[in-house]
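What follows is the structure in structure tokens.
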């Protein structure tokens, strides 16, 4: 691998490319290169020949050109093909049920990337209905075209394929993907995403012996289409909680359980995600403690816990040391706010298996907190804080970016609730239940400034409409403004909220109704940054977010039923500068639908190839 030094950079400037510049000019270029933390031009060095003519232009233009070029020189391209289909043999239930598989696997395959890698996923839709995937926590910098939700993308039709292409720009951490439309997440199709550190970053813990992805979530035995058809009229409790798509230990001799194999004395990284639709859970391992080190792209202050609450849509990295006698131990995920017994299928049970174990799991399950103890959960949430001194995607400390002295541009207050609209129960934000238009908001925004699809200024960001109704809710946010968002939960259920395109600073939790005086309780020193945050029943959660990523971004409840029945909106972050360096233009393989169906929108690509 060819590594650039200051001296070799001078040679490139003055010799190889015959650039007529003084050492000071080359010094500027060297530091432009170095500050962008690219560190190598690797096997791409021959490509610099193509820049020879450009190097003869003004030095200012050259700096900009190198910044753009070098931003991707140490990135790998990860090319994936996903065949998405229905399989009736994977389900954990005692009878056949349709499960969405990817490449004949459930859960789906791991996306194992490194900071700044380019990920391309060619999705072949073998389902009998349209399909989209979203990348939960991947920020899609300057590229909401790849976000994979109904407000940004036309769906992939049955019998066709479409390729997502995105960069995991300036991110590390633990994330997931899943189908985002038609209630399909209830049937599977989800999988893990790891974004690893570049080797130049000092990770704040020793390299573990191995890593394991634990995708844990509630599961229904009923066909997802059947549940989807009755959503507005009934509520059903899930039947089971799965670990990596597997039934609890002891549930059935014909159904496998999840087992994690470890060696005594070694430390392992468990990447735990709640991929369910409804239930929060408390995660614990018999006779073992866990160290929280990361959540959704942020390194945390390392705290040791006996159990951890994980809410719908959230992800954590936990370090677990195999420091007990050689044996097998229970891995448990027990639901929150639900009364269960140890033998209930709603208590997920896997096995931590020591390689030299000679005995199966035994004894009672590890005891966790009372599932109704909200105070325990809130106090634990407040204890999970940002590691201010470590680097993450970049070498500079995470704490370089903090909220202790920011000036707020706007406060947005979002009241989540339920209402009877047209004889059906729907979920609302500020008494408006979102309905999905035929034309994705991003398409309409780009080509016709939203005309005929949505209207800016209609969604109330500080108040609740007097009468509940439906609408296409879009907030016009201020580009590069600091926004305070208050999530107010008027439901009796736990909720969790997610913002695509960003991580937000979780500055506070509280009971009752938020007021301006609630700011006195905020943690503005080291709030953790994440993309999904829980909101407790009858309470509020406050976050800060710096909206520097132009695009159309989904802000939603992660509770699948709430999301599907209207508890969502979109945040339009618009940059008046049309320079593509600020926001990517539409991809060449852009899908068209709605008002653009059957014709070519300005500057877009032809329709994708049908079939394969």
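Residue numbers (our numbering): -7 to 604.
Think of the CB as a built atom: it goes at the ideal place given N, C-alpha and C, for glycine as much as any other residue.
Exercise for review: Would you kindly report the start and end of the unbroken alpha helix (DSSP H) that includes residue 218?
Suggested key: Note, residue 218: alpha helix (DSSP H), 216 to 221.
Check your understanding: Relative to the C-alpha of residue 557, which residue among 542, 574, 521, 423 is closest?
Key -> Minimum Cα distance to residue 557 is reached at 423.
Practice item. Would you list the one or two residues that DSSP bridges to residue 496? Key: Listed as beta-bridge partners of residue 496 by DSSP are 522.
Point to revise | residue 196 at chain C interface by Cβ criterion, 9 Å | key: Here chain C cannot be found, since the structure has a single protein chain.
Check your understanding: Buried or exposed: residue 522, going by 16 or more other Cβ atoms within 10 Å of its Cβ?
Key -> A residue is called buried when at least 16 other Cβ atoms come within 10 angstroms of its Cβ; residue 522 meets this threshold and is buried.
Exercise for review: Assign residue 364 to one of two classes, buried (16 or more other C-beta atoms within 10 Å of its C-beta) or exposed (fewer than that).
Suggested key: By the 10 Å Cβ count, residue 364 comes out exposed.
Check your understanding: In its own chain, which residues sit with a C-beta less than 6 Å from the C-beta of residue 587, not counting the 5 before and 5 after it?
Key -> Exclusion of the five residues before and after residue 587 leaves 431 as the residues of its chain whose Cβ lies within less than 6 Å of its Cβ.
Point to revise | Where the beta strand (DSSP E) through residue 425 begins and ends | key: It spans 424 to 426 - the beta strand (DSSP E) in which residue 425 sits, taken as one unbroken run.
Check your understanding: Just to confirm, are residue 402 and residue 473 a CB contact at a threshold of 9 Å?
Key -> It is a contact, given that the beta carbons lie within the stated cut-off.
Review point. Do you know how far the Cα of residue 538 is from the Cα of residue 520?
Key: Cα to Cα, residue 520 sits roughly 14 Å from residue 538.
Practice item. To the nearest angstrom, report how far apart residue 507 and residue 478 are at their CA atoms. Key: Rounded to whole angstroms, residue 507 to residue 478 spans 10 Å at the Cα level.
Check your understanding: Looking at C-alpha atoms only, which residue of 427, 139, 329, 73 is the closest neighbour of residue 93?
Key -> With distances taken between CA atoms, residue 93 lies nearest to 73 out of 427, 139, 329, 73.
Check your understanding: Hey, would you say residue 210 sits closer than 9 Å to residue 338, going by beta carbons?
Key -> At the C-beta level, residue 210 and residue 338 come within 9 Å of one another.
Exercise for review: Go ahead and pull the three-state DSSP assignment for residue 43.
Suggested key: Because residue 43 sits at a pLDDT of 36, beneath the cut-off of 50, its placement in the model cannot be relied upon, and the point is left open.
Practice item. Just mark residue 198 as buried or exposed, buried being the case when its beta carbon has 16 or more other beta carbons within 10 Å. Key: Exposure of residue 198 is indicated by the presence of fewer than 16 other C-beta atoms within 10 angstroms of its C-beta.
Review point. Short check: CB of residue 274 to CB of residue 231, under 9 Å?
Key: Not closer than 9 Å, so no.
Point to revise | Short Cβ contact (9 Å threshold) for residue 448 with residue 564 | key: Going by C-beta atoms, residue 448 is nearer than 9 Å to residue 564.
**Study point:** Start-end ranges of the beta strand (DSSP E) lying completely within the region 82 to 108, minimum 3 residues
**Key:** 91 to 94, 103 to 106, all fully within the region 82 to 108.
Point to revise | residue 13, DSSP secondary structure in three states | key: Because residue 13 sits at a pLDDT of 37, beneath the cut-off of 50, its placement in the model cannot be relied upon, and the point is left open.
Check your understanding: Residue ranges of each beta strand (DSSP E) run of no fewer than 3 residues wholly in the region 450 to 503, ordered along the chain?
Key -> For the region 450 to 503, the full-length beta strand (DSSP E) segments reaching 3 residues or more read 461 to 463, 466 to 469, 474 to 481, 487 to 491, 496 to 503 along the chain.
Point to revise | residue 87 burial status per 10 Å Cβ neighbour count (16 or more: buried) | key: So residue 87 ends up on the exposed side.
**Study point:** alpha helix (DSSP H) segment containing residue 433, residue limits
**Key:** Counting along the chain, the alpha helix (DSSP H) containing residue 433 begins and ends at 433 to 440.
Exercise for review: Buried or exposed for residue 419, please, with buried defined as at least 16 other CB atoms from any protein chain shown within 10 angstroms of its CB.
Suggested key: Around the C-beta of residue 419, 16 or more other C-beta atoms lie within 10 Å, and the residue is accordingly described as buried.
Check your understanding: Between which two residues does the alpha helix (DSSP H) harbouring residue 321 extend?
Key -> If you look at residue 321, you'll find it isn't in any alpha helix (DSSP H); it sits in the beta strand (DSSP E) that goes 320 to 327.
Review point. What separation, rounded to the nearest whole angstrom, lies between the Cα atoms of residue 152 and residue 95?
Key: Taking the straight line from one Cα to the other gives about 16 Å.
Exercise for review: Determine the closest residue to residue 512 out of 504, 499, 524, with distance taken between C-alpha atoms.
Suggested key: Of the candidates 504, 499, 524, 499 places its Cα closest to the Cα of residue 512.
Review point. Relative to the C-alpha of residue 190, which residue among 103, 561, 383 is closest?
Key: For residue 190, the nearest C-alpha among the options comes from 383.
Check your understanding: What residue does the beta strand (DSSP E) around residue 416 start on, and which one ends it?
Key -> Looking at the DSSP string, the run of the beta strand (DSSP E) that includes residue 416 is 416 to 421.
Point to revise | Euclidean distance between Cα positions of residue 340 and residue 326 | key: Cα to Cα, the separation comes out at about 6 Å.
Practice item. Assign residue 119 to buried or exposed, taking buried as 16 or more other Cβ atoms, counted over all protein chains shown, within 10 Å of its Cβ. Key: The residue in question, residue 119, is buried, as its Cβ has 16 or more Cβ neighbours within 10 Å.
Practice item. Answer with buried or exposed for residue 317, where buried requires no fewer than 16 other C-beta atoms within 10 angstroms of its C-beta. Key: Using a 10 angstroms sphere on the CB of residue 317, the tally of other CB atoms stays under 16, which defines it as exposed.
Review point. In angstroms, rounded to a whole number, what distance separates the CA positions of residue 425 and residue 345?
Key: Here the alpha carbon of residue 425 sits roughly 47 Å from the alpha carbon of residue 345.
Check your understanding: Within this structure, are the beta carbons of residue 643 and residue 433 separated by less than 9 Å?
Key -> Since the first and last residues shown for the chain are -7 and 604, residue 643 lies out of range.
Point to revise | residue 62 - DSSP class collapsed to helix/strand/coil | key: Summary for residue 62: the model assigns pLDDT 41, below 50, so the residue's position carries little reliability; its value from the coordinates is reported in the next sentence. The answer is helix: DSSP assigns residue 62 an H, G or I state.
Check your understanding: What residues in its chain sit with their C-beta under 8 Å from that of residue 389, if we drop five residues either side in the sequence?
Key -> Taking C-beta separations shorter than 8 Å and ignoring five residues to either side along the sequence, the partners of residue 389 in its chain run 380, 381, 382, 383, following chain order.
Review point. What's the call for residue 589, buried or exposed, on a 16-neighbour Cβ count within 10 Å?
Key: Exposed.
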